[in-house]
Amino acid sequence: MRLRDLLAGWWKKREAGRRQHSERCRRTVKITISSTRVMNSASETAGDQDHRVYRFFEARTTVGKGGIWDPSANKYYYIDITGKSLHILTLGASIQKEDFDVGTQVGAMALIEGGRGLVMAVRDGFGIWDFAKKKLDLVASPYGLDSGWRMNDGACDSRGRFWAGRLFDTDETRPGQIYRLENDGRTATPVIDGICCTNGLLWSPDNSLMYCGDSTYKKIYVWDYDEESGTPSNKRLLIDTSKIFHGVPDGATIDREGYLWTCFFDGHKMARISPDGTVDRVYDLPVKRPTQPCWFGDKLDTLLITSASKDVNIANCPESGNILKIHVGVQGQLKAKYKLKTKPGRQPGSP
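Per numbering that gives the first Met the number 0, the sequence shown starts with residue 0, numbered consecutively.
Take a look at the structure:
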C-alpha cells in the first residue's frame, strides 16, 4: 500500500509538471524558415513581410555579436569576439566594410553620444574605441589585468550608463559580477553578484524593469529598476528556458511592447518572450548558433541577427557566422548610447 501511494504521488507530480509545461508553451507560434538569400541594404523590401530569414551579409565571423544599427550614419557595427575585431558596414547601393583589430576580446559595445567612438566591454574591463585614432584605450579594470575573467555581454541604460557582466573563461559555473560604468568614463561600480554568464542585458520600454540572462543555467531574470540611481532590486526568475528550449539563452533585445527577443545559442532558434515569461513566438533559424538580434530599418520592425561559426560543421550549416535579416512586424527601439560626460580615464599603469 505504501509503495502504491508513493507511485501515485510521483505520477500526480509528473502529470502536473507536464500540464504546466504545456500551458507555458500553449501560446507559442512556430515560424518556419524556408530559405535564405542575400539582402544587401535597408532599402530592399522583397519578401520582408513573410517572416522568412534572409542572409543580410556574409560576415563569416567566428563568434559574431554586439550588433548596433545607427540610422543617422547608415552604418551597422558588429564584433567578432574570438577574432578580437570590430567591423563597420556602411550601407547604400552596396555595402562597404571596414575591419579593425581591437587587440583584445570584445564582449559588447555601445555608441558614445556625440559620435566620437564606442564604449566596449573587453577582456580586462571597459575600454573606449576612438574612431579618429582607431585604437582602444582601457579605462577601467575592476578585477585586474590577466585575471582569467573577461567581460561578456552588456548594454547602456536610458541614462547612458554602460553595464556589462564578467565571466571566468575556463569555468563558466563561477559566479561573476555585473558592473556599471559610470558616465565619468573611469568608475566601474559592481552592482549585481551571482550571474555566471551574463547575456541579454535589457531594460523595459518604461525603464521600470531590468532583464538579464544567465546562460550557464539557461535562466532569464528580472529586477525592478530605479532609473534615476541605476539600482536594480527584487530579483526574480522570469523564465527557465531549459524546460522549453534546446540551446542556451544568448544575446537579446526588447520591443516597444516590452517583449524580449532572445537568441538560443546551439538551439537554431530565436524566441519572443512576454513580460510574464510566456513564450509568444519561436523562429527556426538557419544557423546553429545565433548570438544576438538588433533592431533595424526605417520602421525598426526588422531584426539583424549575428551568429557564430565556431565548432560548427559549416557543410551542414553554411550560414553560420553570417548576419541574418528577418522582418517580424513588431516595432523595436534603437540602442541607448553611452553618455561620456568627461574625458575618459587613462589606461591602468600608464603615466
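Note that CB positions come from ideal geometry on N, CA and C, so glycine has one too.
In this text the structure is predicted, and so the values were computed from the model without any measurement.
Item, Value
"Contact the region 124 to 139 vs the region 295 to 309: 3+ CB pairs below 8 Å", "no"
"Whole-angstrom distance between Ala72 and Ala92, CA atom to CA atom", "15 Å"
"Gly106 beta carbon less than 8 Å from that of Asn151", "yes"
"Contacting residues, own chain, Cβ-Cβ under 7 Å from Gly159 (five flanking each side not counted)", "Glu112, Asn182, Ala335, Lys336, Tyr337, Lys338"
"In chain order, each beta strand (DSSP E) run of at least 3 residues that lies wholly inside the region 83 to 170", "84 to 89, 95 to 100, 105 to 110, 116 to 121, 124 to 129, 134 to 139, 148 to 155, 161 to 167"
"Helix, strand or coil at Thr240 according to DSSP, with G and I counted as helix", "helix"
"Coil, strand or helix - Gly246 by DSSP", "coil"
"8 Å Cβ cutoff met for Phe55 and Leu303", "yes"
"Proximity of Ala163 and Gly212 at Cβ, strictly below 8 Å", "no"
"Run of the beta strand (DSSP E) containing Tyr178, from where it starts to where it stops", "176 to 180"
"Nearest-angstrom Cα separation, counted from His86 out to Trp202", "26 Å"
"Lys287 beta carbon less than 8 Å from that of Ser241", "no"
"Identity of the residues DSSP links to Gly212 by a beta bridge", "Asn198, Ile219"
"Separation of Cys155 from Leu137, as counted between CA atoms", "18 Å"
"Beta-ladder partner(s) of His326, from DSSP", "Thr301"
"8 Å contact criterion, which Val118 and Ala131 should meet: CB distance rounded", "Not quite, the Cβ-Cβ distance comes to about 15 Å (not below 8 Å), so this is no contact."
"Boundaries (first-last residue) of the beta strand (DSSP E) holding Pro189", "187 to 192"
"Cβ-Cβ distance between Ile177 and Gly199 below 8 Å", "no"
"Pairwise C-alpha distance: Leu237 and Val221", "6 Å"
"Touch test, the region 244 to 261 against the region 187 to 194, Cβ-Cβ under 8 Å, three pairs minimum", "no"
"Helix, strand or coil at Gln291 [DSSP, three-state]", "strand"
"Outcome for Gln95 when other beta-carbon atoms lying within 10 angstroms are tallied against a minimum of 16", "exposed"
"Closest Cα partner of Val329 within the set Gly296, Lys133, Thr290", "Gly296"
"6 Å CB neighbourhood of Gly193 in its chain, flanking five on each side removed", "Pro174"
"Thr172 in three-state terms, based on DSSP", "coil"
"Residues that Cys262 bridges to, as DSSP identifies them", "Met269"
"Start and end residues, beta strand (DSSP E) containing Ile67", "63 to 69"
"Helix, strand or coil at Thr60 according to DSSP, with G and I counted as helix", "coil"
"Spatial neighbours of Asp223 in its chain, beta-carbon cut-off 6 Å, leaving aside the 5 residues before and after", "Ser232, Asn233"
"DSSP three-state assignment for Ile78, whether helix, strand or coil", "strand"
"Within 8 Å, strictly: CB atoms of Tyr401 and Ile322", "Outside the shown range of the chain, which is 0 to 350, sits residue 401, and nothing can be said about it."
"Bounding residues of the beta strand (DSSP E) (the contiguous stretch that carries Arg280)", "278 to 283"
"Supposed close pair Arg185, Ala120 - CB separation, criterion 8 Å", "Not a contact, Cβ separation roughly 15 Å."
"Within 8 Å, strictly: CB atoms of Cys293 and Gly82", "no"
"Closest residue to Tyr258 among Tyr216, Val278, Gln291, Ile243 (Cα-Cα distance)", "Val278"
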